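If you're matching positions, the sequence shown starts at 1 in my numbering and goes up one per residue. Glycine included, every Cβ here is placed at the ideal spot set by N, Cα and C. All of these numbers come straight from a predicted model, not from anything done at the bench. Beneath this line is the structure, given in structure tokens, with notes to follow.
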Amino acid sequence: MRRMNRQWMIVGALAGVVVLLVGLGWLERDRFLPVEVGTGAPDFQATDLEGRPVSLQSLKGQVVLLNIWATWCPPCRAEMPSMQRLHETLGPEGLKIVAVSIDAQLGTAGPDGRPGGDVGGFAKEFNLTFPIWRDPSGQIQKTYRTTGVPESFVIDRDGIIAKKVIGATEWDSDANVDLIRRLLAR
Numbered sequence: 001m002r003r004m005n006r007q008w009m010i011v012g013a014l015a016g017v018v019v020l021l022v023g024l025g026w027l028e029r030d031r032f033l034p035v036e037v038g039t040g041a042p043d044f045q046a047t048d049l050e051g052r053p054v055s056l057q058s059l060k061g062q063v064v065l066l067n068i069w070a071t072w073c074p075p076c077r078a079e080m081p082s083m084q085r086l087h088e089t090l091g092p093e094g095l096k097i098v099a100v101s102i103d104a105q106l107g108t109a110g111p112d113g114r115p116g117g118d119v120g121g122f123a124k125e126f127n128l129t130f131p132i133w134r135d136p137s138g139q140i141q142k143t144y145r146t147t148g149v150p151e152s153f154v155i156d157r158d159g160i161i162a163k164k165v166i167g168a169t170e171w172d173s174d175a176n177v178d179l180i181r182r183l184l185a186r
């Protein structure tokens with residue numbers, strides 16, 4: 001009898017541990033789910049080019065094109081002019097473009113060994129007038145589970161990802177402009 005009670009106590013304790021682990025996993029599920037079309041865009045913190053703290057949360061209720069890039073990335077360089085043209089076309093209608101650089105600080109090397117980039121100089125070289133944010137830690141790549149750069153996310157007014165693009169694209173193409181105009185009209 002005593003042995004049976006002890007066995008039931010062990011089974012009960014194990015069941016409790018399983019329930020606890022499942023409950024914790026459920027509470028933290030957003031950390032493990034993919035960041036893809038139809039999911040909520042995770043908030044993140046970065047700094048603007050003047051060093052002030054910024055976050056995606058500050059753009060809540062806006063349609064946002066979030067672009068993750070680096071100065072050393074040739075496809076990033078290739079798509080920036082189309083992002084600027086999109087900004088000039090749809091910025092007045094309410095589109096917010098935020099390009100988050102993962103470059104290390106100029107004069108330092110990043111965790112991947114790449115030298116830091118001159119993000120401000122890059123913005124001037126390409127005459128970029130939309131906000132450029134910096135995340136030299138690259139935390140945004142972990143948060144958004146990116147596979148490289150550039151990677152971009154179109155986020156609707158409700159904070160839901162409407163489009164995800166891995167690699168460079170022509171942001172001012174008819175298809176992209178049409179999608180973003182539909183999101184702005186909602």
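Spatial distance of residue i from residue j (CA atoms)
{"i": "Val119", "j": "Leu14", "result": "53 Å"}
{"i": "Ile10", "j": "Leu106", "result": "58 Å"}
{"i": "Ser82", "j": "Phe126", "result": "11 Å"}
{"i": "Gly116", "j": "Trp8", "result": "60 Å"}
{"i": "Pro150", "j": "Asp174", "result": "20 Å"}
{"i": "Pro34", "j": "Arg77", "result": "27 Å"}
{"i": "Gly110", "j": "Ala70", "result": "11 Å"}
{"i": "Pro92", "j": "Thr108", "result": "37 Å"}
{"i": "Pro74", "j": "Lys60", "result": "31 Å"}
{"i": "Lys254", "j": "Ser101", "result": "An answer regarding residue 254 cannot be provided, because it is not within the stretch 1 to 186 covered by the chain."}
Residue span of the beta strand (DSSP E) that contains residue i, given as start and end
{"i": "Asp48", "result": "45–48"}
{"i": "Leu66", "result": "64–69"}
{"i": "Ser55", "result": "53–55"}
Outcome for residue i when other beta-carbon atoms lying within 10 angstroms are tallied against a minimum of 16
{"i": "Ser58", "result": "exposed"}
{"i": "Leu49", "result": "exposed"}
{"i": "Arg6", "result": "exposed"}
{"i": "Asp156", "result": "buried"}
{"i": "Arg134", "result": "buried"}
{"i": "Thr147", "result": "exposed"}
{"i": "Ala185", "result": "exposed"}
{"i": "Ile161", "result": "buried"}
Pick from the options that is closest to residue i, judged by C-alpha positions
{"i": "Thr39", "options": "Thr169, Asp158, Ile166", "result": "Asp158"}
{"i": "Arg181", "options": "Val63, Phe153, Pro42", "result": "Val63"}
{"i": "Phe153", "options": "Ala185, Trp171, Ser137", "result": "Trp171"}
{"i": "Gly113", "options": "Trp72, Arg52, Val98", "result": "Trp72"}
{"i": "Pro136", "options": "Ala41, Thr47, Pro34", "result": "Thr47"}
{"i": "Gln84", "options": "Phe130, Pro53, Ile140", "result": "Phe130"}
{"i": "Phe122", "options": "Gly110, Pro111, Asp103, Thr108", "result": "Asp103"}
{"i": "Gln139", "options": "Asp43, Ile160, Thr169", "result": "Asp43"}
{"i": "Gln141", "options": "Leu66, Leu95, Pro92", "result": "Leu66"}
{"i": "Tyr144", "options": "Lys164, Gly94, Leu90", "result": "Lys164"}
{"i": "Ala99", "options": "Glu79, Thr108, Glu93", "result": "Glu79"}
{"i": "Ile132", "options": "Pro75, Glu36, Val54, Thr169", "result": "Val54"}
{"i": "Val177", "options": "Gly167, His87, Leu56", "result": "His87"}
Heavy atom of the ligand GTP within 7 Å of residue i beta-carbon
{"i": "Gly148", "result": "With respect to the ligand GTP, the structure offers nothing, as it holds no ligand at all."}
Q) Taking only runs of the beta strand (DSSP E) that begin and end inside the region 154–182, which ones reach a length of at least 3 residues, in chain order? A) Whole beta strand (DSSP E) segments, 3+ residues: 161–166.
Q: Would you mind listing the beta strand (DSSP E) stretches within the region 74–141 that are 3+ residues and don't spill past its ends, in chain order?
A: Taken in chain order, the unbroken stretches of beta strand (DSSP E) that lie wholly in the region 74–141 and span 3 residues or more are 96–101, 132–134.
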